[in-house]
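Residue numbers (the working numbering): 5 to 319.
Where is the CB? At the ideal position from N, CA and C, for every residue including glycine.
Reading through the structure tokens given below for one structure.
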Amino acid sequence: MTTWLITGGAGYIGAHVVRALRESGRSVVVLDDLSTGHADRIPDDVPLAQVSVLDTPSVRDALREYAVDGVVHLAAKKAVGESVEQPLHYYRENVTGVISLLEAMRDEGVHNLVYSSSAAVYGEPPWSPIREETPCAPLSPYGETKLVGEWMIRAAASAQRLSWVALRYFNVAGAGAPELRDTSVNNLIPMVYAALERGVAPQVFGSDYPTPDGSCIRDYIHVSDLADAHVAAAAYCEANDAQDVFNVGTGEGASVWEVMAAVSEAVGHDIGAVAVARRTGDPPELVASADRIAGVLGWQARRDLAEMVSSARLD
Ligand code: UD1
Numbered sequence: 005m006t007t008w009l010i011t012g013g014a015g016y017i018g019a020h021v022v023r024a025l026r027e028s029g030r031s032v033v034v035l036d037d038l039s040t041g042h043a044d045r046i047p048d049d050v051p052l053a054q055v056s057v058l059d060t061p062s063v064r065d066a067l068r069e070y071a072v073d074g075v076v077h078l079a080a081k082k083a084v085g086e087s088v089e090q091p092l093h094y095y096r097e098n099v100t101g102v103i104s105l106l107e108a109m110r111d112e113g114v115h116n117l118v119y120s121s122s123a124a125v126y127g128e129p130p131w132s133p134i135r136e137e138t139p140c141a142p143l144s145p146y147g148e149t150k151l152v153g154e155w156m157i158r159a160a161a162s163a164q165r166l167s168w169v170a171l172r173y174f175n176v177a178g179a180g181a182p183e184l185r186d187t188s189v190n191n192l193i194p195m196v197y198a199a200l201e202r203g204v205a206p207q208v209f210g211s212d213y214p215t216p217d218g219s220c221i222r223d224y225i226h227v228s229d230l231a232d233a234h235v236a237a238a239a240y241c242e243a244n245d246a247q248d249v250f251n252v253g254t255g256e257g258a259s260v261w262e263v264m265a266a267v268s269e270a271v272g273h274d275i276g277a278v279a280v281a282r283r284t285g286d287p288p289e290l291v292a293s294a295d296r297i298a299g300v301l302g303w304q305a306r307r308d309l310a311e312m313v314s315s316a317r318l319d
């Protein structure tokens, strides 16, 4: 049995990855400073090292104490808008965080790494679906830090023995269990439920995009499917000398109006969404090509939009 350290394991995505890796028969340990994560998301019998990934000696200690074989690195800042306001904070947390982790892994001889990257590395490519070869042109400091992270891992891999996979997540949604829900209200589906809770109409940002119904199209991926992709990536790192980048999406787009319709279906009444002005910086369409991950890792999404929106419900 191998042991994996999950940085950011107390976060929304991390908590799902912890469960999925355990169910795959691996032993898991969480490293999280609890700045945004919640300790009660971590199962009681999973050890928690409550330290920052920037604290290299403490990361080293955790790798050694638990005889870690591989790391899933999720601990990072992830809000696009905030990254524009606080770019240096994002560079410190996300870029220095990867440096710190890679140094600790090198010093402790840990060779397997699954890295949490993002579709934000692509920026606004002129064609869809987006393949991994699509040139990266991030439009926010957040996207830049994720791309720099990939570069650093690739560079470190040739200097220290590393078997690594970077997963570029598209729009993550839903929950595997009510207590694991995304409690931050940054993304469309949590924002819709928050609006309904307050008794106000959910808003569709922009209805004049060059798409069939005029609203933006995204590739929503269920967080439990995403967690399963991490298990497939971890197994691939263990069995190969991996150096791979994969999109994680369904390969299918859904418009904002389609998401609103799915929420109406989930709550059993028309939620009365209204069209408002565009939000600055939103590309019309971002849909993954999920062919590479299906071909190499044998992973594909199993859960649909209805399951994402119903599992994200607040009541
Ligand atoms: C999100 C993430 C980004 C990640 C990317 C991956 C945030 C803020 N953004 O971007 O980190 O890299 O996915 O693809 O975490 N919308 C509405 N009404 C609302 C809220 C959103 O119409 O109340 C629309 C937006 O205009 C957008 C779509 O819903 O078209 C999705 O928005 P959002 O959930 O914020 O995600 P992205 O901006 O796509």
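| Within 10 angstroms of its Cβ, does residue 175 collect 16 or more other Cβ (buried), or is it exposed? | As a position in the sequence shown, residue 175 is number 171, starting the count at 1. Buried.
| In terms of alpha-carbon separation, which member of 25, 17, 26 lies closest to residue 41? | Residue 41 sits at position 37 when you count from the first residue of the sequence shown. Ranking the options by Cα distance to residue 41, first place goes to 17.
| message | Quick check: is any heavy atom of ligand 1 less than 7 Å from the C-beta of residue 81? | response | For the purposes of this step, residue 81 is taken as the residue at position 77 of the sequence shown. For ligand 1, not one heavy atom lies less than 7 Å from the Cβ of residue 81.
| Under a three-way DSSP split, which group does residue 149 fall into? | Here residue 149 is taken as the residue at index 145 of the sequence shown, counted from 1. Helix at residue 149.
| query | Does DSSP put residue 301 in a helix, in a strand, or in coil? | reply | As a working mapping, residue 301 is identified with position 297 in the sequence shown. Correct three-state label for residue 301: helix.
| With 16 other CB atoms within 10 Å as the buried threshold, where does residue 104 fall? | As a working note, residue 104 is residue 100 in the sequence shown. Looking at its Cβ environment, which holds 16 or more other Cβ atoms inside 10 Å, residue 104 is buried.
| With residue 172 and residue 250 assumed to form a contact (beta carbons below 8 Å), what rounded beta-carbon distance in angstroms separates them? | In the sequence shown, residue 172 corresponds to position 168, counting from 1. In the sequence shown, residue 250 corresponds to position 246, counting from 1. Indeed, because the Cβ distance is near 7 Å, the residues count as touching under 8 Å.
| query | Is the Cβ-Cβ distance between residue 94 and residue 11 less than 8 Å? | reply | Within the sequence shown, numbered from 1, the residue matching residue 94 stands at position 90. Within the sequence shown, numbered from 1, the residue matching residue 11 stands at position 7. No. Outside cutoff.
| request: Decide if residue 8 is buried, meaning its Cβ has at least 16 other Cβ atoms within 10 Å, or exposed. | output: In the sequence shown, counting from the first residue as 1, residue 8 sits at position 4. It is buried - the Cβ of residue 8 has at least 16 other Cβ atoms within 10 Å.
| Host beta strand (DSSP E) of residue 7 (start-end) | Position 3 of the sequence shown, counting from 1, holds the residue named residue 7. That run of the beta strand (DSSP E) goes 7-11.
| Any heavy atom of ligand 1 closer than 7 Å to the Cβ of residue 174? | Looking up residue 174 in the sequence shown gives position 170. Checking the Cβ of residue 174 against ligand 1 gives yes.
| field | Candidates 135, 128, 133, 155, of which the one nearest residue 142 by Cα | value | The residue given as residue 142 occupies position 138 in the sequence shown. With distances taken between Cα atoms, residue 142 lies closest to 128.
| task | Along the beta strand (DSSP E) that carries residue 278, what are the first and last residues, could you check? | result | Taking the first residue of the sequence shown as 1, we reach residue 278 at position 274. Its beta strand (DSSP E) spans residues 278-280.
| task | Please find out if some non-hydrogen atom of ligand 1 comes closer than 7 Å to the beta-carbon of residue 283. | result | Taking the first residue of the sequence shown as position 1, residue 283 is located at position 279. Yes, the beta carbon of residue 283 sits closer than 7 Å to at least one heavy atom of ligand 1.
| Touching or not, the segment 207-218 and the segment 253-263, by the rule of three or more beta carbon pairs under 8 Å? | yes
| message | Can you find the residues in the same chain that come closer than 6 Å, C-beta to C-beta, to residue 190, ignoring five residues on each side of it along the sequence? | response | Within the sequence shown, the letter at position 186 stands for residue 190. Taken in chain order, the residues that qualify are 83.
| task | Give the straight-line distance between the Cα atoms of residue 58 and residue 275, rounded to the nearest whole angstrom. | result | Locating residue 58 in the sequence shown gives position 54, where the first residue counts as 1. Locating residue 275 in the sequence shown gives position 271, where the first residue counts as 1. Those two C-alpha atoms are separated by around 43 Å.
| Taking 7 Å as the cut-off, does the CB of residue 61 come closer than this to any heavy atom belonging to ligand 1? | The residue you call residue 61 lines up with position 57 of the sequence shown. Because no heavy atom of ligand 1 lies under 7 Å away, the Cβ of residue 61 does not count as near it: no.
| message | For residue 83, would you say it is in contact with chain C, using Cβ-to-Cβ distances shorter than 8 Å as the test? | response | Of the chains in the structure shown, none is chain C; there is only one protein chain.
| Which residues in the same chain as residue 235 place their Cβ atom closer than 7 Å to its Cβ, once the five residues preceding and following it in sequence are excluded? | Position 231 of the sequence shown holds residue 235. The answer, listed in chain order, is 24, 25, 28.
| message | Let me confirm a value: residue 109 is counted as buried when at least 16 other C-beta atoms fall within 10 Å, else exposed. Which label applies? | response | Here residue 109 is taken as the residue at index 105 of the sequence shown, counted from 1. Per the 10 Å Cβ criterion, buried.
| request: State the beta-bridge partners of residue 54 as determined by DSSP. | output: Residue numbering aside, residue 54 sits at position 50 when the sequence shown is read from its first letter. DSSP output for residue 54 lists no bridge partner at all.
| said: Threshold first: 3 residues or longer. Then list the beta strand (DSSP E) segments lying entirely within the segment 227-280, N to C. | reply: 247-252, 278-280
| said: I'd like to know if the segment 130-139 and the segment 70-88 are in contact, where contact means that at least 3 CB-CB pairs between them fall below 8 Å. | reply: no
| query | Measuring from the CB of residue 119, is there a heavy atom of ligand 1 at a distance below 7 Å? | reply | Within the sequence shown, numbered from 1, the residue matching residue 119 stands at position 115. The answer is no for residue 119.
| message | What does the alpha-carbon distance come out to for the pair residue 122 and residue 147? | response | Here residue 122 refers to the residue found at position 118 of the sequence shown. Here residue 147 refers to the residue found at position 143 of the sequence shown. Taking the straight line joining both Cα atoms gives about 7 Å.
| task | Determine the direct distance from the alpha carbon of residue 71 to that of residue 31, and round the result to whole angstroms. | result | What you label residue 31 is simply residue 27 of the sequence shown in a count that begins at 1. What you label residue 71 is simply residue 67 of the sequence shown in a count that begins at 1. About 10 Å.
| query | Where do the N-terminal and C-terminal ends of the beta strand (DSSP E) with residue 33 fall, by residue? | reply | In the sequence shown, residue 33 corresponds to position 29, counting from 1. First-last of the beta strand (DSSP E) with residue 33: 31-35.
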